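Numbered per the working numbering, the sequence shown spans residues 721 to 1048.
Glycine residues also receive a C-beta, built at the ideal position from the N, C-alpha and C atoms.
Note that this is a predicted model, so its numbers are computed, not measured.
Data first, discussion second: the structure below is written as structure tokens.
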Amino acid sequence: MVCIIVAIYQFALNRLHSYLLAGVVRLHAKADDRSALKYFKDGLHLAPEVKSLRYSGPLPGALAKLRWRGTMTCYFYIYSIFRSIATTEWKAAKSDLDSLDAAIRDLGDDVEPLLVTLFIYLSGMYCQGTGDLDQALGLYRDKKLLLPDPDVPIHSPEEQVRRDLAILAVMNSLWILQCDPQRDLERNSAQLSTLERFCTDHRNKEIQTAFNLLRATVDTDPATPQTKTKMFIRAALAGAKMTQSIHLICITLNLMCNKFFVGIVGDQAEKSAMAASVQAKKSGNKLWMSVADGLLARSFEIEGKKADAQRVMAEATRLANLALQAPP
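The structure is reproduced here in structure tokens:
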């Protein structure tokens, strides 16, 4: 009987792990894949059942299983939040953030420090996406997200993830600061120089790609020559294609269109705007869909296609309003 109870418990744990892995794989392929969300929700429904199963064995082993279950619950919420933010579903993101906060508190002193760091970073992303930029900057500047010394070696996967989150927090902060009309160009240059030591040879191509996008969009003193800007955008597009990241491809194509084809008459300009719009729709991100359709509408307008321009601009406005609807 004891063997049967242990086997049932182990089977439930394996199911929990399988749901998480399946959801992560589908999330990486396509952020708005509804099946990814289903795997995460199914895992969250299963987690309380795993907790309620009787575990026959030494007390330390039972406690370890419960901690593992609680940690897995946190990761289900974490990936669900990443998905909701990527698709601008702010109500779902806020609900899961609150649930993640409660799950972390339930773990008490047994909580992994990385989970707390992820919660802070995700909270910053939520605030940034819903327009609370001051709060987002405060979260990104939390001591848990401070950049370490780049010369200090990394000894574990957890240290690598914490360093990567710190890099992303600095990137997000730098982009937010560009909204300030009095932005500090010298500070921009210094921040980019600091990030360069972390990002240029980073093993994660997506972080390399994001850094190239940052270098192509942040104003500096002295100004970045246009030839270098083109080089950064080309490198970003190559990196986005290599990683098959729909979001990075979408952002890069929209950036290319905005930098090089706004106000230009011709088939190439229209094709560029159309390609950006197509990739934005694949990303499932309403904000980028709005940006892309806005660029496409401007391209139609300059070509004299007024009916098409009005139709696409109306859709861009509708998507923008949806993307910026934060929960109360």
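Residue i to residue j span [Cα, whole Å]
i	j	result
Lys950	Ala936	8 Å
Leu905	Met1033	33 Å
Pro870	Ala889	16 Å
Met994	Glu926	24 Å
Ser772	Ala823	Low confidence applies here, because Ser772 scores a pLDDT of 43, under 50, leaving its location unreliable; read the following figure in that light. Those two C-alpha atoms are separated by around 16 Å.
Thr837	Phe760	21 Å
Lys830	Trp788	A quick correction: the sequence has Asp, not Lys, at residue 830. Distance between the alpha carbons of Asp830 and Trp788 is about 10 Å.
Leu834	Glu878	7 Å
Arg917	Arg1031	46 Å
Asp941	Thr920	20 Å
Ser800	Asn892	20 Å
Ala955	Thr963	12 Å
Thr791	Lys1026	55 Å
Leu865	Glu832	15 Å
Tyr795	Ile874	23 Å
Gly858	Pro901	19 Å
Ser876	Ala806	28 Å
Gly781	Ala856	Its pLDDT being 45, under 50, Gly781 is placed unreliably by the model, and the measurement read from it follows with that caveat. If I take the Cα positions, the gap works out to 40 Å.
Asp1028	Thr850	30 Å
Leu827	Asp762	21 Å
Lys811	Pro868	34 Å
Reference residue i, options the options, closest by Cα
i	options	result
Arg1052	Ile824, Gly1004, Lys1002 and Ser992	What is shown of the chain runs 721 to 1048, which leaves residue 1052 out entirely.
Leu968	Tyr795, Trp1008, Asp939 and Gln988	Trp1008
Gly1049	Ala1036, Ser1003, Ala1027 and Ala813	No answer is possible for residue 1049: it lies beyond the span of the chain, which begins at 721 and ends at 1048.
Asn978	Leu894, Leu859, Leu1016 and Arg923	Leu1016
Gln946	Phe980, Cys970, Glu916 and Gln928	Phe980
Gln880	Asp854, Arg923 and Ser909	Arg923
Arg803	Gly1004, Phe1020, Tyr841 and Glu1021	Gly1004
Tyr860	Leu894, Cys970 and Leu933	Leu894
Gly1024	Trp810, Gly983 and Gln999	Gly983
Tyr797	Leu1044, Thr807 and Leu842	Leu842
Range of the contiguous alpha helix (DSSP H) that encloses residue i
i	result
Ile969	Ile966 to Phe980
Leu866	Element bounds for Leu866: n/a, residue is neither H nor E.
Glu878	Pro877 to Leu897
Glu916	Leu905 to Cys919
Asp829	Unbroken run through Asp829: none, as it is neither H nor E.
Lys1006	Lys1006 to Ile1022
Thr963	Gln946 to Thr963
Val998	Asp987 to Ser1003
Gly858	Leu853 to Tyr860
Asn932	Lys925 to Thr937
Glu1035	Lys1026 to Ala1043
Cβ neighbour criterion (16 or more within 10 Å) applied to residue i
i	result
Met845	buried
Lys863	exposed
Asp818	exposed
Asp987	exposed
Arg774	Below a pLDDT of 50, predicted positions are generally treated as unreliable, and Arg774, at 45, falls in that range; the measurement from the model is reported next regardless. By the 10 Å Cβ count, Arg774 comes out exposed.
Ala910	exposed
Leu915	buried
Ser738	exposed
Arg882	buried
Gln898	exposed
Gln1045	exposed
Ala813	buried
Ala930	buried
Ala943	exposed
Rounded distance between the beta-carbons of residue j and residue i, thought under 8 Å
i	j	result
Ser1010	Leu1039	4 Å
Ala960	Thr972	5 Å
Lys1002	Ile953	About 20 Å separates the two Cβ atoms, so there is no contact after all.
Leu1042	Lys1006	5 Å
Asp821	Phe839	7 Å
Ile887	Leu853	Actually they do not touch by this definition, with Cβ atoms about 20 Å apart.
Gln999	Cys970	4 Å
Leu912	Leu933	Wrong, their Cβ atoms sit about 12 Å apart, outside the cutoff.
Asn908	Val938	5 Å
Leu764	Thr808	Their Cβ separation, rounded to whole angstroms, is 21 Å, which puts Leu764 and Thr808 out of contact at 8 Å.
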